[in-house]
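FYI, full-length UniProt numbering numbers position 91 of the sequence shown as 91, with every residue one higher than the one before it.
Report on the structure given below.
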Amino acid sequence: MEKTSFLKEPVGGQSVVNKIVDNITNAIINGELNPGDKIPTEAELSESMGAGRNSVREAIKVLEAYGVVHIKRAEGTFVSQEYDSRMIYPVLYGIILQKDSTSQIVELRKVIDVGLLQLAVDKLRSKSLEQTQMEAIEKAMEELEYQAHMDKPQARSLYEADVQFHMAIVGITENVMLQSICNYVDKITRRSRMVTIDRIFLDGEVENFLDLHRRIVKLLQDRDSAGIYAIVEEHYQYWAKVKDE
Numbered sequence: 001m002e003k004t005s006f007l008k009e010p011v012g013g014q015s016v017v018n019k020i021v022d023n024i025t026n027a028i029i030n031g032e033l034n035p036g037d038k039i040p041t042e043a044e045l046s047e048s049m050g051a052g053r054n055s056v057r058e059a060i061k062v063l064e065a066y067g068v069v070h071i072k073r074a075e076g077t078f079v080s081q082e083y084d085s086r087m088i089y090p091v092l093y094g095i096i097l098q099k100d101s102t103s104q105i106v107e108l109r110k111v112i113d114v115g116l117l118q119l120a121v122d123k124l125r126s127k128s129l130e131q132t133q134m135e136a137i138e139k140a141m142e143e144l145e146y147q148a149h150m151d152k153p154q155a156r157s158l159y160e161a162d163v164q165f166h167m168a169i170v171g172i173t174e175n176v177m178l179q180s181i182c183n184y185v186d187k188i189t190r191r192s193r194m195v196t197i198d199r200i201f202l203d204g205e206v207e208n209f210l211d212l213h214r215r216i217v218k219l220l221q222d223r224d225s226a227g228i229y230a231i232v233e234e235h236y237q238y239w240a241k242v243k244d245e
């Protein structure tokens, strides 16, 4: 049976530009276009899809903006060969714009953290450089405690130290895509996390907040996969309170 050619699929129904984007994306997913391949010209895509060249041009601009393709002057447009952090933006933008996006972002972050810790534990079990990697996390923990115990602690400084702590864990995975996702999720959760840290100071819960982080460090030191879910659930208790107010 002949494989369907998405590049020859006519557009119609939804936005023409969106349909062209979908056709080219599906061609990449289907293997019709591979990383590094030159895609058909505007004229060829216009003819095969029955779309205007302006629509094709706009679709290519969308794909270029998200790092899916890149344009080489005088050579043409090519499928990107390497991962680009911009590729995850449409998914995350979609989450932000959803109704009850705050709740969904919290749920997303929680799922990421559970998987992240599991992957970090797996990496620590299998790699020879684990002591160096653990030292980076322990150093980040020291900075978190230092910022929390200052005479006049600042929510922003504690937030930044918290971000660095969690990014040190991400570093263990050596997964560039995961690092990009975590970086972006940190950006879109900044406001609610800052409010959460303010609440922690106000309620006198700083030591409990630090203890939750110490338990994460110990979990990684002990390679304790069984304790991951419980620790993540407890870690989100303050954020959940702020979210629900």
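Beta carbons are placed, not taken as given, at the ideal position from N, Cα and C, and that holds for glycine.
Inclusion of leucine 220 and leucine 124 in the CB contact set at 8 Å is warranted, their separation being smaller than that value.
Isoleucine 181 has its alpha-carbon roughly 10 Å from the corresponding atom of lysine 187. For the options Tyr236, Val176, Val185 and Gln118, the alpha carbon positioned closest to that of glutamate 82 is the one of Val176. Taking a C-beta distance under 8 Å as the contact criterion, isoleucine 39 and valine 79 qualify as a contact pair. A Cβ-Cβ distance of about 11 Å is found for the pair valine 56 and leucine 63, leaving them out of contact under the 8 Å criterion. In this structure, valine 91 keeps its C-beta atom at 8 Å or more from the C-beta atom of isoleucine 228.
Of all C-beta pairs linking the region 47-56 to the region 144-155, fewer than three are shorter than 8 Å, placing the two stretches out of contact. A straight-line Cα-Cα distance of about 36 Å links isoleucine 169 and isoleucine 24.
In chain order, Glu32 place their CB closer than 7 Å to the CB of serine 5, counting only its own chain and leaving out the 5 sequence neighbours on each side.
Within the DSSP bridge table, the entry for threonine 77 names Ile71 as partners. Taken in chain order, the whole alpha helix (DSSP H) runs of length 4 or more contained in the region 112-183 are 130-148 and 155-173.
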